[in-house]
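Asks: In the working numbering, the protein residues as written are 18 to 238. We put the beta carbon where it would ideally sit given N, CA and C, even for glycine. These figures come from a predicted structure and were not determined experimentally.
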Amino acid sequence: MDIVEAIRSRKSIRGYKPDPVPKEVLREILDVATRAPSSVNSQPWEITIIAGQVLKNIKQGNIEKLLSRAPASPDQGSNRLEGKYRQRQVDLAIQLFQLMGITREDKEKRAEWSQRGLRFFDAPAAFILSIDKSLKGWGAFDLGSLAQTICLTALKYSLGTCIQSQGIIYPEVIRKFTDIPESKQMVICISIGYPDWDFPANKAESAREPLENVVTWCDDD
Ligand SMILES: Cc1cc2nc3c(=O)[nH]c(=O)nc-3n(C[C@H](O)[C@H](O)[C@H](O)COP(=O)(O)O)c2cc1C
Numbered sequence: 018m019d020i021v022e023a024i025r026s027r028k029s030i031r032g033y034k035p036d037p038v039p040k041e042v043l044r045e046i047l048d049v050a051t052r053a054p055s056s057v058n059s060q061p062w063e064i065t066i067i068a069g070q071v072l073k074n075i076k077q078g079n080i081e082k083l084l085s086r087a088p089a090s091p092d093q094g095s096n097r098l099e100g101k102y103r104q105r106q107v108d109l110a111i112q113l114f115q116l117m118g119i120t121r122e123d124k125e126k127r128a129e130w131s132q133r134g135l136r137f138f139d140a141p142a143a144f145i146l147s148i149d150k151s152l153k154g155w156g157a158f159d160l161g162s163l164a165q166t167i168c169l170t171a172l173k174y175s176l177g178t179c180i181q182s183q184g185i186i187y188p189e190v191i192r193k194f195t196d197i198p199e200s201k202q203m204v205i206c207i208s209i210g211y212p213d214w215d216f217p218a219n220k221a222e223s224a225r226e227p228l229e230n231v232v233t234w235c236d237d238d
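(1) Out of Met18, Arg86 and Ser59, which one is the CA nearest neighbour of Tyr187?
(2) Give me the pocket residues for ligand 1, defined as CB within less than 6 Å of any heavy atom, sorted by chain position.
(3) So what does DSSP say about Ser55, is it helix, strand or coil?
(4) Between Ala164 and Leu146, how many whole angstroms is the CB-CB distance? I'm expecting something under 8 Å.
(5) Whole angstroms is fine: what's the gap from Val21's alpha carbon to Phe114's?
(6) DSSP three-state label for Tyr33, please.
(7) From the DSSP output, in three-state form, read off Phe114 for me.
(8) Might you give, ordered along the chain, the residues of its own chain that have their beta carbon closer than 6 Å to the beta carbon of Ala23, omitting 5 neighbours on each side?
(9) Along the alpha helix (DSSP H) that carries Val231, what are the first and last residues, could you check?
(10) Classify Met117 as buried or exposed, calling it buried when 16 or more other Cβ atoms lie within 10 Å of its own Cβ.
(11) Do the CB positions of Gln9 and Ser223 come within less than 7 Å of each other?
(12) So Ser26 is in the alpha helix (DSSP H); what residue range does that whole segment cover?
(13) Check whether the Cβ atoms of Ile66 and Cys179 lie closer than 7 Å to each other.
(14) Kindly indicate the opening and closing residues of the alpha helix (DSSP H) around Phe158.
(15) Do the CB positions of Asp213 and Gly32 come within less than 7 Å of each other?
(16) Quick check on Thr120: does DSSP put it in helix, strand or coil?
(17) Identify whether Lys153 lies in helix, strand or coil by the three-state DSSP scheme.
(18) DSSP state of Pro88, grouped into three classes?
(19) For Glu189, which of helix, strand or coil comes out of DSSP?
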């Protein structure tokens, strides 16, 4: 697949087939994707792959926390946005909810949607990207570069991905089943699996601002 086609066709996948992803494929994806650039080649990423029973345990642990109304970890950042940023978030949510047939009033379906995120959208595997807490500076940026490279590489294997903050909002659950120590901060996770193209949310087309709104040319010519 041509690189531009890959970038343009990548999208967040929120519904997967149950088929497992072979370990060798996950390994190959990471072998390629860790060619991603990082500040001073520090390669601060630590990658944990969760699948099988471990993933099942984490999904169950996440849902139990959610149902007990446990607060999300403050480490996972706030998504309280304002102005145009909030509007873009709302636009995406409206599109996803329309596709999924979830109305504003339907508390049950809205709750089920939140749970899907905590269940890694029922993907058969996920990557958790962490950094050592002692690292200052560009760590999160470097993990972003790795995350996008993973998502693009996955396309070569007909795999879909969703970069997610939701899956790790209860880091204590993840630590319990993976032994990721307290000295590591989980920054983001990525669900991965074979897309279920019949799943309505996978038909979402997220918008992008026209370039005129985000690019400033400083050029005398
Ligand atoms: C840092 C980050 C966190 C994200 N967290 C979530 C999440 O928790 N749940 C979710 O459904 N999508 C999540 N996404 C996916 C974004 O919603 C998605 O990338 C954006 O809407 C653009 O859509 P696209 O990926 O289909 O192009 C996240 C993406 C990023 C980069």
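Replies: In brief:
(1) Relative to Tyr187, the option among Met18, Arg86 and Ser59 whose CA is nearest is Arg86.
(2) Per the Cβ criterion, the list is Lys28, Ser29, Arg31, Leu109, Gly134, Cys179, Ile180, Gln181, Ser182, Gln183, Ile205 and Ser223.
(3) DSSP places Ser55 outside both helix and strand once states are collapsed to three, so it counts as coil.
(4) The pair is a contact, with the Cβ atoms about 6 Å apart (cut-off 8 Å).
(5) Cα-Cα distance, rounded: 29 Å.
(6) Three-state DSSP puts Tyr33 in a strand.
(7) DSSP, read as helix, strand or coil, puts Phe114 in helix.
(8) Shown here for Ala23: same chain residues with a beta carbon closer than 6 Å to its own, the five before and five after excluded, namely Leu169 and Leu172 in chain order.
(9) Run containing Val231: Leu228 to Val231, per the alpha helix (DSSP H) assignment.
(10) Buried.
(11) What is shown of the chain runs 18 to 238, which leaves residue 9 out entirely.
(12) Here the alpha helix (DSSP H) through Ser26 covers Ile20 to Ser26.
(13) With a cutoff of 7 Å on beta-carbon distance, Ile66 and Cys179 are scored as not near each other.
(14) Phe158 -> alpha helix (DSSP H) spans Gly156 to Leu172.
(15) Taking C-beta atoms as the reference points, Asp213 and Gly32 count as a pair closer than 7 Å.
(16) In this structure, Thr120 counts as coil in the three-state DSSP scheme.
(17) Of the three classes helix, strand and coil, the one that applies to Lys153 here is coil, per DSSP.
(18) When secondary structure is reduced to three states using DSSP, Pro88 falls in the coil class, being assigned neither helix nor strand.
(19) In the structure shown, Glu189 sits in a helix (DSSP, three-state: H, G or I).
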